[in-house]
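Numbering (the working numbering), first residue to last: 2 to 188.
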């Protein structure tokens with residue numbers, strides 16, 4: 002899915018409508034109206050990823066590169082494994098991997114300020130979760146669509162890895178510092 006200006010779009014669908022945030026019985030956010038594709042091999046998963054990356058991405062012109070993503074992109078992969086227990090009963094284990102490619106913060110001015118809201122909210126959530134000195138009773142997941150969608154991956158019993166891509170170029174200095182600041186707050 003793509004999160005752009007606090008709206009969600011299904012990157013595997015030709016339709017621009019029909020996706021909305023809903024909550025399961027435990028109160029966890031989920032997206033309703035999405036295309037879900039069952040895959041049985043890595044090549045099928047990669048084909049879905051390629052399809053989503055090539056269709057409908059909000060892109061804008063950059064000074065040096067012709068296209069740079071201007072929206073946050075989330076790719077969820079639900080893994081299921083069925084096995085037999087010693088007593089002969091079936092055991093189903095599931096796990097969800099969520100990959101999030103954040104839009105660069107330096108391109109977020111003017112009408113795309115809602116993306117900036119998502120990044121600001123994500124920084125606030127990371128700070129609330131990562132700094133034990135703050136003694137925070139409230140984590141502001143509800144402040145943006147991005148943080149509501151990432152809430153299950155950021156809190157609870159989830160294991161979260163943050164991979165940051167930075168640049169040594171002088172023109173990318175501010176973006177690199179912002180990225181490293183977020184990473185430091187998450188550590």
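C-beta atoms are modelled at their ideal positions from N, C-alpha and C, and glycine is treated no differently.
- Counting only the Cα atoms, residue 172 lies some 33 Å from residue 11.
- In the three-state scheme derived from DSSP, where H, G and I count as helix and E and B as strand, residue 166 is classed as coil.
- From the listed residues 126, 149 and 79, the smallest Cα separation to residue 184 is found for 126.
- For the pair residue 102 and residue 148, the CB atoms are not nearer than the 9 Å cut-off.
- For residue 101, the three-state secondary structure derived from DSSP is strand.
- With respect to the 9 Å criterion, residue 78 and residue 46 are classified as neighbours on the basis of their beta carbons.
- Around the beta carbon of residue 155, 16 or more other beta carbons sit within 10 angstroms, so the residue counts as buried.
- For residue 81, the enclosing beta strand (DSSP E) begins and ends at 73-85.
- For residue 25, there is no enclosing alpha helix (DSSP H), as DSSP marks it with neither H nor E.
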